[in-house]
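Asker: For what it's worth, numbering that gives the first Met the number 0 labels the leading residue of the sequence shown as 0, then goes sequentially.
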Amino acid sequence: MSTEQFEVVIVGGGTAGVDMAARLRRHFSPASIALLEPSEHHYYQPLWTLVGGGEATKEQSMHLEKDVLPHDITWIKERAAEFVPTENLVVTDGGRHLTYRFLIVAPGIKIDWAAIPGLPEALKDDPRVSSNYDYNLAEKTWRAVQNFKGGQALFTHPATPVKCGGAPQKIMYLAEDYWRIHGVRPNAKVDGFFSTGGIFPIPAYAKTLNEVLQRKEITMHFRRDLIEIRPEMSEAVFRNLDAPDEIETVRYDFMHVTPKMFPPDVVAKSPFAVADGPTKGWFKVDVKTLQNPDYPNVFALGDSAALPTSKTGAAVRKQAVVVEKNLMSVMKGESLTAEYNGYTSCPIVTGYGKLVLAEFGYDDKIMSSFPFDTTKERWSMYMLKKHGLPVMYWDLMMKGLA
Numbered sequence: 000m001s002t003e004q005f006e007v008v009i010v011g012g013g014t015a016g017v018d019m020a021a022r023l024r025r026h027f028s029p030a031s032i033a034l035l036e037p038s039e040h041h042y043y044q045p046l047w048t049l050v051g052g053g054e055a056t057k058e059q060s061m062h063l064e065k066d067v068l069p070h071d072i073t074w075i076k077e078r079a080a081e082f083v084p085t086e087n088l089v090v091t092d093g094g095r096h097l098t099y100r101f102l103i104v105a106p107g108i109k110i111d112w113a114a115i116p117g118l119p120e121a122l123k124d125d126p127r128v129s130s131n132y133d134y135n136l137a138e139k140t141w142r143a144v145q146n147f148k149g150g151q152a153l154f155t156h157p158a159t160p161v162k163c164g165g166a167p168q169k170i171m172y173l174a175e176d177y178w179r180i181h182g183v184r185p186n187a188k189v190d191g192f193f194s195t196g197g198i199f200p201i202p203a204y205a206k207t208l209n210e211v212l213q214r215k216e217i218t219m220h221f222r223r224d225l226i227e228i229r230p231e232m233s234e235a236v237f238r239n240l241d242a243p244d245e246i247e248t249v250r251y252d253f254m255h256v257t258p259k260m261f262p263p264d265v266v267a268k269s270p271f272a273v274a275d276g277p278t279k280g281w282f283k284v285d286v287k288t289l290q291n292p293d294y295p296n297v298f299a300l301g302d303s304a305a306l307p308t309s310k311t312g313a314a315v316r317k318q319a320v321v322v323e324k325n326l327m328s329v330m331k332g333e334s335l336t337a338e339y340n341g342y343t344s345c346p347i348v349t350g351y352g353k354l355v356l357a358e359f360g361y362d363d364k365i366m367s368s369f370p371f372d373t374t375k376e377r378w379s380m381y382m383l384k385k386h387g388l389p390v391m392y393w394d395l396m397m398k399g400l401a
């Protein structure tokens with residue numbers, strides 16, 4: 000098998016991969032940058048919350064990958080299947096062998112729909128069950144919200160890391176708002192079954208969100224994990240995470256499910272994976288420099304990186320700057336000076352025209368970008384999410400300019 004040689008190999012053509020490709024083509028010959036991504040489509044996934052709430056179309060969230068990638072880099076439409084860092088080698092699922100001078104790993108997160116028994120069947124056959132974590136299903140969510148005429152509505156958050164940790168509650172608030180506006184709410188009971196210990200880990204934001212829950216009369220059941228769906232019986236089965244033998248079965252007339260998510264297999268089984276602990280299986284990096292501690296020519300960012308912060312596109316925007324600077328330092332033989340502070344952002348939609356912009360870093364430190372109190376619900380921040388952030392994503396981030 001002949002080996003193809005590149006200066007940089009980027010694994011993943013999502014938010015992080017494209018941002019890095021756009022940045023690094025300013026420092027390397029574009030053709031010497033290989034990017035592995037099998038998908039022909041690129042999605043701005045934060046819009047799927049608004050698709051599920053009828054505020055956007057799914058088509059608005061999609062561009063062709065070829066139109067997003069820098070046109071002059073080497074796009075390889077295959078997945079990474081194996082890393083051999085001792086040889087600076089990536090093997091693709093098509094059997095190609097790629098060697099690199101620098102490796103950037105950003106394959107995202109793996110959604111495992113089948114990890115909850117009954118979920119694939121419910122998503123396929125039950126019009127009342129959906130999830131905003133998929134391009135087509137987000138549209139189904141909106142149909143289900145509109146068709147709900149009363150009864151029990153459930154919203155779930157699994158006991159695994161998820162991308163955009165606020166998304167499971169955003170659709171809950173939007174759906175409740177829609178039902179209230181259309182006179183359905185008096186006939187409905189709205190419950191959230193979340194694996195988390197509270198509505199949000201940072202007190203300043205949690206205070207506002209708990210007020211939202213109270214205003215909307217939503218009942219929360221924390222430390223609960225969805226372990227099975229029985230669509231033919233309209234039943235959802237939950238485990239109490241604090242008392243694992245305690246199982247509760249709840250009937251539903253509508254359910255939005257956030258699926259379980261895991262590290263991509265290529266990362267979890269690689270020499271780069273964290274061996275044990277709470278981030279086991281995720282890509283091992285220094286939390287500040289984003290460099291792998293064992294291989295200085297290897298960096299990771301995005302959802303697959305083992306970082307103690309929320310997995311969001313906003314986090315990637317800050318991480319990409321750090322990786323670009325530190326990779327150039329390695330190339331010049333200099334010490335690494337750029338540091339990622341854990342910044343992430345979660346624009347939490349609390350209803351139509353209302354949004355709490357949560358911005359924070361490592362140790363849950365609030366890191367607001369605005370000179371006013373973003374712990375409160377604001378119309379301006381809703382407009383930012385609906386109109387401003389998509390433009391920023393496509394026109395700046397995807398060009399390595401954000």
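Even glycine gets a Cβ: it sits at the ideal position worked out from N, Cα and C. Keep in mind the model is a prediction, meaning the values are calculated, not measured.
(1) Measuring CA to CA, which of 14, 12, 26 is closest to residue 330?
(2) So residue 358 is in the beta strand (DSSP E); what residue range does that whole segment cover?
(3) I'd like to know whether the C-beta atoms of residue 121 and residue 301 end up nearer to each other than 9 Å.
(4) Out of 45, 326, 34, 278, which one is the CA nearest neighbour of residue 385?
(5) Would you mind stating whether residue 98 and residue 86 have Cβ atoms separated by less than 9 Å?
(6) Given residue 288, which residues of its chain have a CB within under 6 Å of its CB, disregarding the five upstream and five downstream residues?
(7) Helix, strand or coil: how does DSSP classify residue 51 here?
(8) Are three or more beta carbon pairs between the region 45-59 and the region 76-93 nearer than 8 Å?
(9) In this structure, how does DSSP classify residue 382 when only helix, strand and coil are distinguished?
(10) If you draw a straight line from the alpha carbon of residue 188 to that of residue 254, how long is it in whole angstroms?
(11) Return the CA-CA distance between residue 350 and residue 231, expressed in angstroms with no decimal places.
(12) Kindly indicate the opening and closing residues of the alpha helix (DSSP H) around residue 327.
(13) When the Cα of residue 160 is compared with those of 257, 47, 283, which residue comes out closest?
(14) How many angstroms separate the CA atom of residue 34 from the CA atom of residue 217?
(15) Kindly indicate the opening and closing residues of the alpha helix (DSSP H) around residue 171.
(16) From which residue to which residue does the alpha helix (DSSP H) around residue 391 run?
(17) Can you name the residues that DSSP bridges to residue 221?
(18) List the residues that DSSP assigns as beta-bridge partners of residue 63.
(19) Under three-state DSSP, which class holds residue 2?
(20) Counting C-beta neighbours from all protein chains within 10 Å, is the total for residue 318 16 or more, i.e. buried, or is it exposed?
(21) For the region 217-263, list the beta strand (DSSP E) runs that are entirely contained and at least 3 residues long, ordered along the chain.
(22) Let me check one thing: in DSSP terms, what residues is residue 150 bridge-paired to?
(23) What number of angstroms, rounded off, separates the C-alpha of residue 37 from the C-alpha of residue 277?
(24) Which one or two residues does DSSP pair with residue 33 in a beta bridge?
(25) Relative to the alpha-carbon of residue 225, which residue among 372, 259, 327 has its alpha-carbon at the smallest distance?
(26) How is residue 111 classed by DSSP in three states: helix, strand or coil?
(27) Secondary structure at residue 204, three-state DSSP: helix, strand or coil?
(28) Give the single residue among 178, 342, 157 whose Cα lies nearest to the Cα of residue 142.
(29) Roughly how far, in whole angstroms, is the beta-carbon of residue 162 from the beta-carbon of residue 283, given that I think they are within contact range, below 8 Å?
(30) The beta strand (DSSP E) with residue 350 in it runs from where to where?
(31) Is it the case that the Cβ atoms of residue 102 and residue 8 are separated by a distance below 9 Å?
(32) Are at least three pairs of beta-carbons, each pair with one atom in the region 166-174 and one in the region 135-155, less than 8 Å apart?
(33) Please name the residue in 195, 149, 158 whose C-alpha comes closest to that of residue 174.
(34) Should residue 263 go down as buried or exposed, given a rule of 16 or more other Cβ atoms within 10 Å for buried?
(35) Along the chain, where does the beta strand (DSSP E) that runs through residue 17 open and close?
Answerer: In brief:
(1) Among 14, 12, 26, the Cα nearest to that of residue 330 is on 26.
(2) Looking at the DSSP string, the run of the beta strand (DSSP E) that includes residue 358 is 353-359.
(3) With respect to the 9 Å criterion, residue 121 and residue 301 are not classified as neighbours on the basis of their beta carbons.
(4) Minimum Cα distance to residue 385 is reached at 45.
(5) Taking a C-beta distance under 9 Å as the contact criterion, residue 98 and residue 86 qualify as a contact pair.
(6) Around residue 288: 325, 335.
(7) Assigned with DSSP and collapsed to three states, residue 51 falls in helix.
(8) They do not touch, by the three-pair rule.
(9) Correct three-state label for residue 382: helix.
(10) Roughly 12 Å between the two C-alpha positions.
(11) If I take the Cα positions, the gap works out to 31 Å.
(12) Counting along the chain, the unbroken alpha helix (DSSP H) around residue 327 starts and ends at 312-331.
(13) It is 257 whose Cα lies nearest to the Cα of residue 160.
(14) Cα-Cα distance, rounded: 45 Å.
(15) First-last of the alpha helix (DSSP H) with residue 171: 166-180.
(16) Here the alpha helix (DSSP H) through residue 391 covers 388-394.
(17) Its beta-bridge partners are 193.
(18) Paired residues: 40.
(19) The answer is strand: DSSP assigns residue 2 an E or B state.
(20) Burial of residue 318 is indicated by the presence of at least 16 other C-beta atoms within 10 angstroms of its C-beta.
(21) DSSP assignment within the region 217-263 yields the following whole beta strand (DSSP E) runs of 3 residues or more, N-terminal first: 218-221, 223-229, 234-239, 246-250, 253-255, 259-261.
(22) 187, per the DSSP bridge assignment.
(23) Going by the C-alpha atoms only, they are around 30 Å apart.
(24) DSSP links residue 33 through a beta bridge to 8, 73.
(25) It is 259.
(26) Strand.
(27) Of the three classes helix, strand and coil, the one that applies to residue 204 here is helix, per DSSP.
(28) Ranking the options by Cα distance to residue 142, first place goes to 178.
(29) About 19 Å separates the two Cβ atoms, so there is no contact after all.
(30) Note, residue 350: beta strand (DSSP E), 343-350.
(31) Cβ distance < 9 Å, so residue 102 and residue 8 count as in contact.
(32) Between the region 166-174 and the region 135-155, the count of C-beta pairs closer than 8 Å reaches three or more; the two stretches touch.
(33) Nearest to residue 174 by alpha-carbon distance, out of 195, 149, 158, is 149.
(34) Its Cβ being crowded by 16 or more others within 10 Å, residue 263 is buried.
(35) For residue 17, no beta strand (DSSP E) encloses it; the enclosing alpha helix (DSSP H) starts and ends at 14-23.
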